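**Student:** Read in order, the letters of the sequence shown are residues 1 to 746 in full-length UniProt numbering. One structure, pasted below without further comment.
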Amino acid sequence: MSGFKEAQIWYQKSKRLWITEGDENTSFFHKICTARQRRSIISNIKSVDGVPCSTNESIAKAFLDHFEDIYKGGGEESPWLIDNLSWSPISTTQAQNLCSCFTEEEIHAALTAFSNNKSPGPDGFTMEFYKSTWSDLKEEILNIFRDFHSNCIINKAVNITNIALIAKKEKCAEPADYRPISLTTSIYKLIAKVIAERLKETLPSTVAENQMAFVKGRQIIDAILVANEAIDYWRVKKIQGFVIKLDIEKAFDKLNWRFIDFMLMKKGYPFRWRRWIRACISSVQYSIIINGRPRGKIQPSRGIRQGDPISPFIFVLAMDYISRLLNSVGEKIKGVKMEGNINLTHLLFADDILLFVEDDEHSIQNLKNIINLFQLASGLSINLNKSTISPINVDAARTEQIASQWGISTKFLPINYLGVPLGGKQTTKTFWKNVEEKINKKLASWKYSMLSKGGKITLIKSSLASLPTYQLSIFKAPVSACKNIEKTWRNFLWKNPPETHKLHLVNWAKITSPKERGGLGISRLKDTNFALLTKWLWRYIHEDSPLWKKIINAKYRSLSKGDIPCVCNHSSSRSPWFSICKGVEWFQRHVSWKIKNGRSFSFWHSHWHQNSPLSLHYPRLFALSTNKDSSIRDMWNNTLMDWDLNPRRQLREWEYPLWAELKNSLNASFCENGKDSPAWTLNSNGLYTVASVKKALQQPDQSLIDLQSQNTFSLLVLCPYGAVLKPFLGHPASVYCICYILMKRV
Numbered sequence: 001m002s003g004f005k006e007a008q009i010w011y012q013k014s015k016r017l018w019i020t021e022g023d024e025n026t027s028f029f030h031k032i033c034t035a036r037q038r039r040s041i042i043s044n045i046k047s048v049d050g051v052p053c054s055t056n057e058s059i060a061k062a063f064l065d066h067f068e069d070i071y072k073g074g075g076e077e078s079p080w081l082i083d084n085l086s087w088s089p090i091s092t093t094q095a096q097n098l099c100s101c102f103t104e105e106e107i108h109a110a111l112t113a114f115s116n117n118k119s120p121g122p123d124g125f126t127m128e129f130y131k132s133t134w135s136d137l138k139e140e141i142l143n144i145f146r147d148f149h150s151n152c153i154i155n156k157a158v159n160i161t162n163i164a165l166i167a168k169k170e171k172c173a174e175p176a177d178y179r180p181i182s183l184t185t186s187i188y189k190l191i192a193k194v195i196a197e198r199l200k201e202t203l204p205s206t207v208a209e210n211q212m213a214f215v216k217g218r219q220i221i222d223a224i225l226v227a228n229e230a231i232d233y234w235r236v237k238k239i240q241g242f243v244i245k246l247d248i249e250k251a252f253d254k255l256n257w258r259f260i261d262f263m264l265m266k267k268g269y270p271f272r273w274r275r276w277i278r279a280c281i282s283s284v285q286y287s288i289i290i291n292g293r294p295r296g297k298i299q300p301s302r303g304i305r306q307g308d309p310i311s312p313f314i315f316v317l318a319m320d321y322i323s324r325l326l327n328s329v330g331e332k333i334k335g336v337k338m339e340g341n342i343n344l345t346h347l348l349f350a351d352d353i354l355l356f357v358e359d360d361e362h363s364i365q366n367l368k369n370i371i372n373l374f375q376l377a378s379g380l381s382i383n384l385n386k387s388t389i390s391p392i393n394v395d396a397a398r399t400e401q402i403a404s405q406w407g408i409s410t411k412f413l414p415i416n417y418l419g420v421p422l423g424g425k426q427t428t429k430t431f432w433k434n435v436e437e438k439i440n441k442k443l444a445s446w447k448y449s450m451l452s453k454g455g456k457i458t459l460i461k462s463s464l465a466s467l468p469t470y471q472l473s474i475f476k477a478p479v480s481a482c483k484n485i486e487k488t489w490r491n492f493l494w495k496n497p498p499e500t501h502k503l504h505l506v507n508w509a510k511i512t513s514p515k516e517r518g519g520l521g522i523s524r525l526k527d528t529n530f531a532l533l534t535k536w537l538w539r540y541i542h543e544d545s546p547l548w549k550k551i552i553n554a555k556y557r558s559l560s561k562g563d564i565p566c567v568c569n570h571s572s573s574r575s576p577w578f579s580i581c582k583g584v585e586w587f588q589r590h591v592s593w594k595i596k597n598g599r600s601f602s603f604w605h606s607h608w609h610q611n612s613p614l615s616l617h618y619p620r621l622f623a624l625s626t627n628k629d630s631s632i633r634d635m636w637n638n639t640l641m642d643w644d645l646n647p648r649r650q651l652r653e654w655e656y657p658l659w660a661e662l663k664n665s666l667n668a669s670f671c672e673n674g675k676d677s678p679a680w681t682l683n684s685n686g687l688y689t690v691a692s693v694k695k696a697l698q699q700p701d702q703s704l705i706d707l708q709s710q711n712t713f714s715l716l717v718l719c720p721y722g723a724v725l726k727p728f729l730g731h732p733a734s735v736y737c738i739c740y741i742l743m744k745r746v
């Protein structure tokens with residue numbers, strides 16, 4: 001067996017997605033695999049009654065009792081379902097499309113969308129098998145889909161599910177310390193995937209804008225931005241209020257099936273579709289994998305599966321009940337109130353609930369009543385031990401009083417929200433300590449001595465460099481934090497513990513240069529940070545009216561029509577948008593506009609012509625105009641079929657050529673039904689990319705070798721094995737030094 005083939009086998013067993021072109025690292029993957037196997041063995045556990053269990057039979061019984069308690073019961077219809085809410089149902093066209101016949105193209109597209117190297121279910125077949133045998137098996141698969149479409153049932157043999165147990169912490173003492181992951185048969189997973197693809201297309205129109213998870217066009221960072229901006233607004237305005245963070249206990253596992261059907265019905269989903277969903281979630285049979293062997297058979301009466309393609313979308317629809325309840329009470333709950341009739345009371349990201357309420361007795365009690373109503377209707381319950389309340393401009397005694405009423409604990413800002421600090425100060429080192437801890441934790445799990453230099457380079461680019469990206473997408477990192485994180489990367493590349501010092505053979509600036517200039521293409525954090533923050537500006541001018549944009553428009557103001565709002569008296573340096581706006585001037589230099597109807601932008605102030613405002617190019621004409629805030633379209637006179645300056649006085653002789661010059665440089669064609677759209681000038685396709693920004697920020701360094709321009713040894717870095725040992729001839733320093741010497745000879 002070749003070394004690379006052996007590495008592939010151990011890579012598959014290790015479940016590490018880091019294999020690199022030409023980098024074998026067999027011993028590393030073997031070490032990972034054996035460590036994983038040791039962790040998956042359960043040698044002892046406590047039963048539901050607290051009795052220690054150490055034999056396979058007693059351990060299996062403890063887990064079966066635990067999961068039967070979770071999945072059984074709570075199947076009756078709740079009397080707390082409220083009909084007369086504003087449901088935002090799906091359209092008739094959407095409903096018809098949902099129940100249309102399944103097509104071969106649709107099924108095959110769903111199949112190819114599955115990732116490879118995933119654990120198989122009870123049938124033992126992976127998705128790679130069906131991909132490779134599609135031409136032979138497609139008729140049988142199509143028949144299964146036709147039968148499901150007509151009869152609305154799923155064979156129970158197809159819906160057998162194994163539950164794999166993933167430890168939530170280092171030392172697990174009871175079954176609740178394990179997270180259940182469902183391993184379904186490949187055929188069921190394919191059916192669910194096709195249904196999920198149809199279902200997710202309907203969510204943007206029917207799920208409230210406060211839900212940021214699993215809805216097309218919404219992102220997790222949207223919730224973080226909105227939450228931080230809301231807290232900053234309260235702080236600056238000296239408004240007293242509370243941020244309540246609620247944790248749902250066993251979110252997927254205890255969701256009431258009748259409640260799911262109720263929500264689908266109210267949302268306008270057809271009866272056939274509801275039968276399909278019911279068939280998917282109710283024909284399940286669970287077995288628990290204990291020490292490598294499936295044990296028991298559990299027939300659930302509630303809950304949906306983690307690992308089922310339709311589960312996230314079903315759960316999002318169920319959680320929408322909270323939004324509908326809160327929206328129905330309006331001003332009876334005072335949240336973060338801003339201009340534009342905004343009253344932000346909550347943010348949802350799947351099962352993460354963040355509530356905003358002013359320190360007002362009626363508002364707090366009404367909010368508590370709605371949360372209780374949601375629990376009674378859905379079958380879900382709030383985990384009070386993991387829920388917290390954080391005061392803003394409220395004293396500790398009052399906070400403790402409200403916390404006691406809710407039965408939750410007090411936690412002062414900053415708190416952790418969706419993996420990042422909420423309400424913290426981004427300019428401090430402590431704000432970024434969580435990122436450094438994540439990197440150090442990741443490094444501690446790797447076996448340094450088993451990794452080649454090429455493997456380390458790949459891990460820096462694919463894993464370590466991605467860890468800060470999430471937080472860098474919202475907050476501006478101080479220089480000190482960037483240096484500390486990059487120092488960790490450098491040490492990982494050059495040292496192997498327990499070494500305390502080892503010579504860094506190549507300057508870090510050279511290593512972080514593009515490949516075509518002799519570097520390794522590792523991005524500098526400050527460049528990545530700027531590119532990610534600038535992306536918000538692109539989203540602002542590109543997206544219609546998501547919740548985060550409404551919050552920004554309510555809190556900030558722009559100098560003129562169509563400009564990005566960056567002026568605000570109700571903001572501080574803690575605000576993410578405060579840092580984002582620092583890149584506006586650079587951003588506007590690299591955006592051009594495709595003017596259609598001309599109504600979105602200011603004629604004088606917007607950057608729509610020559611990449612700078614016309615008010616700066618033609619200050620004299622701007623001073624004379626009486627329509628300084630007019631849109632582009634409003635400056636066009638349909639009667640005269642010409643641009644109309646509408647000056648406050650008649651133009652003087654020397655001013656006419658200026659006006660003629662300006663008019664001749666403008667495009668006077670409009671499309672009333674069109675929409676003004678931006679184009680990113682740093683990318684040939686006109687779309688914004690983080691990579692294009694980072695490339696523009698990289699300044700030429702004469703001390704670096706431009707391999708591509710010299711056309712010498714560029715293949716050493718750019719070949720398919722560019723990140724690993726072979727092209728670097730034994731060491732990353734070698735390619736730099738050897739290329740440098742040889743190029744001197746040219």
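For glycine and all other residues, C-beta sits at the position ideal for the given N, C-alpha and C. Keep in mind that this is a model prediction, so the values were computed, not measured.
1. Where does G73 land, buried or exposed, given buried means 16+ other C-beta within 10 angstroms?
2. At what residues does the alpha helix (DSSP H) containing I59 begin and finish?
3. What is the rounded straight-line gap between the Cα of W604 and the Cα of T689?
4. Starting from the C-beta of K386, find all residues in its chain whose C-beta is less than 7 Å away, skip the five residues before and the five after it, and write them out in chain order.
5. Along the alpha helix (DSSP H) that carries L373, what are the first and last residues, could you check?
6. Kindly indicate which three-state DSSP category L280 falls into: helix, strand or coil?
7. Please specify which runs of the beta strand (DSSP E), each continuous and at least 3 residues long, are wholly inside the segment 268-348, giving them in chain order.
8. Any contact between the segment 386-400 and the segment 275-295? By contact I mean 3 or more CB pairs, one from each, below 8 Å.
9. Thinking just about the alpha-carbon of each residue, which of K237, S282, V236 and W234 is nearest to the one in W257?
10. Taking 9 Å as the cut-off, decide whether the C-beta atoms of L111 and A251 are in contact.
11. Below 9 Å between beta carbons: does that hold for E229 and K555?
12. The beta strand (DSSP E) spanning S182 covers which residue range?
13. Assuming A696 is part of the alpha helix (DSSP H), what are its boundary residues?
14. What does DSSP give as the partner residue(s) for L355 in the beta ladder?
15. Would you say S182 and N162 are within 9 Å of each other, going by their C-beta atoms?
16. Would you identify the three-state DSSP class for L418, choosing helix, strand or coil?
17. How many angstroms separate the CA atom of M212 from the CA atom of P270?
18. So I364 and I371 are in contact, right, with Cβ under 8 Å, and what is the actual spacing, rounded?
19. According to the neighbour-count rule (16 or more other Cβ atoms, all chains shown, within 10 Å of its Cβ), is L451 buried or exposed?
20. Please state if the CB of I191 and the CB of E280 are separated by a distance shorter than 9 Å.
21. Can you tell me where the alpha helix (DSSP H) holding S132 begins and where it ends?
22. List the whole-angstrom C-beta distance separating I154 from F148, where the pair is believed to meet the contact cut-off of C-beta under 8 Å.
23. Less than 9 Å between the C-beta atoms of L81 and A377, yes or no?
24. Compare the C-alpha of S631 against each of S592, V591, D676 and R524 and name the closest.
25. DSSP three-state label for K171, please.
26. Which ranges would you report for the alpha helix (DSSP H) in the segment 594-634 if only whole runs of at least 4 residues count?
27. Tell me where the alpha helix (DSSP H) around S579 begins and ends.
28. Here's a check: name, in chain order, each residue in its chain whose Cβ is nearer than 6 Å to the Cβ of N434, leaving out the five neighbours to either side.
29. Based on the DSSP output, what are the partners of W680 in its beta bridges?
30. Can you tell me the Cα-Cα spacing of S703 and L505, whole angstroms?
**Tutor:** Straight from the coordinates:
1. Position 73 of the sequence shown holds residue 73. It is exposed - the Cβ of G73 has fewer than 16 other Cβ atoms within 10 Å.
2. What you label residue 59 is simply residue 59 of the sequence shown in a count that begins at 1. Element bounds for I59: N56 to Y71.
3. To locate residue 604, count along the sequence shown from 1; it is residue 604. To locate residue 689, count along the sequence shown from 1; it is residue 689. Distance between the alpha carbons of W604 and T689: 28 Å.
4. As a position in the sequence shown, residue 386 is number 386, starting the count at 1. D247, listed in sequence order.
5. Locating residue 373 in the sequence shown gives position 373, where the first residue counts as 1. Segment E361 to S378, the alpha helix (DSSP H) holding L373.
6. The residue you call residue 280 lines up with position 280 of the sequence shown. The sequence given here has Cys at residue 280, not Leu. Judged by DSSP in its simplified three-state form, C280 adopts helix.
7. 285-290, 293-298, 336-338 and 342-344
8. no
9. What you label residue 257 is simply residue 257 of the sequence shown in a count that begins at 1. Nearest of K237, S282, V236 and W234 to W257, Cα basis: S282.
10. Here residue 111 corresponds to residue number 111 of the sequence shown, with the count starting at 1. Here residue 251 corresponds to residue number 251 of the sequence shown, with the count starting at 1. Cβ distance not < 9 Å, so L111 and A251 don't count as in contact.
11. For the purposes of this step, residue 229 is identified with residue 229 of the sequence shown, where counting begins at 1. For the purposes of this step, residue 555 is identified with residue 555 of the sequence shown, where counting begins at 1. Cβ atoms of E229 and K555: closer than 9 Å.
12. Stepping through the sequence shown from its first residue, residue 182 is reached at position 182. It spans Y178 to T184 - the beta strand (DSSP E) in which S182 sits, taken as one unbroken run.
13. Translated into positions along the sequence shown, residue 696 becomes position 696. Looking at the DSSP string, the run of the alpha helix (DSSP H) that includes A696 is V690 to L697.
14. To locate residue 355, count along the sequence shown from 1; it is residue 355. Note: L355 sits in a beta bridge opposite I244 and H346.
15. Reading the sequence shown from its first residue, position 182 is the one you call residue 182. Reading the sequence shown from its first residue, position 162 is the one you call residue 162. Their beta carbons are under 9 Å apart, which means S182 touches N162 by this criterion.
16. The count along the sequence shown starts at 1 and reaches residue 418 at position 418. Reduced to three states, the DSSP call for L418 is coil.
17. Within the sequence shown, numbered from 1, the residue matching residue 212 stands at position 212. Within the sequence shown, numbered from 1, the residue matching residue 270 stands at position 270. Distance between the alpha carbons of M212 and P270: 25 Å.
18. For the purposes of this step, residue 364 is taken as the residue at position 364 of the sequence shown. For the purposes of this step, residue 371 is taken as the residue at position 371 of the sequence shown. The distance from the Cβ of I364 to that of I371 is about 11 Å, inconsistent with a contact at the 8 Å cut-off.
19. Here residue 451 corresponds to residue number 451 of the sequence shown, with the count starting at 1. Buried, because 16 or more other Cβ atoms sit within 10 Å of the Cβ of L451.
20. In the sequence shown, the residue the question calls residue 280 occupies position 280. In the sequence shown, the residue the question calls residue 191 occupies position 191. It should be noted that the sequence gives Cys, not Glu, for residue 280. Cβ atoms of C280 and I191: closer than 9 Å.
21. Working through the sequence shown from its first residue, we reach residue 132 at position 132. Looking at the DSSP string, the run of the alpha helix (DSSP H) that includes S132 is M127 to S132.
22. For the purposes of this step, residue 154 is taken as residue 154 along the sequence shown, with counting starting at 1. For the purposes of this step, residue 148 is taken as residue 148 along the sequence shown, with counting starting at 1. Right, the Cβ-Cβ distance comes to about 6 Å (below 8 Å), so this counts as a contact.
23. As a working note, residue 81 is residue 81 in the sequence shown. As a working note, residue 377 is residue 377 in the sequence shown. Result yes, Cβ atoms of L81 and A377 sit closer than 9 Å.
24. Locating residue 631 in the sequence shown gives position 631, where the first residue counts as 1. Selected option, being the one with the closest Cα: D676.
25. Counting from one through the sequence shown, the residue named residue 171 turns up at place 171. Residue state, collapsed to three classes: coil.
26. Listed in chain order, the complete alpha helix (DSSP H) runs (minimum 4 residues) inside the segment 594-634 are 614-617 and 619-624.
27. For the purposes of this step, residue 579 is identified with residue 579 of the sequence shown, where counting begins at 1. Where S579 is concerned, the enclosing alpha helix (DSSP H) stretches over P576 to I580.
28. Translated into the one-based positions of the sequence shown, residue 434 becomes position 434. There are no such residues.
29. The count along the sequence shown starts at 1 and reaches residue 680 at position 680. In the DSSP output, where bridge partners are listed per residue, W680 has V591.
30. Position 703 of the sequence shown, counted from the start, is the residue given in the question as residue 703. Position 505 of the sequence shown, counted from the start, is the residue given in the question as residue 505. Confidence at S703 is low in this model, with a pLDDT of 47, below 50, so the placement of that residue should be treated as unreliable; the coordinate-derived value is given next. One alpha carbon belongs to S703, the other to L505, and they sit about 16 Å apart.
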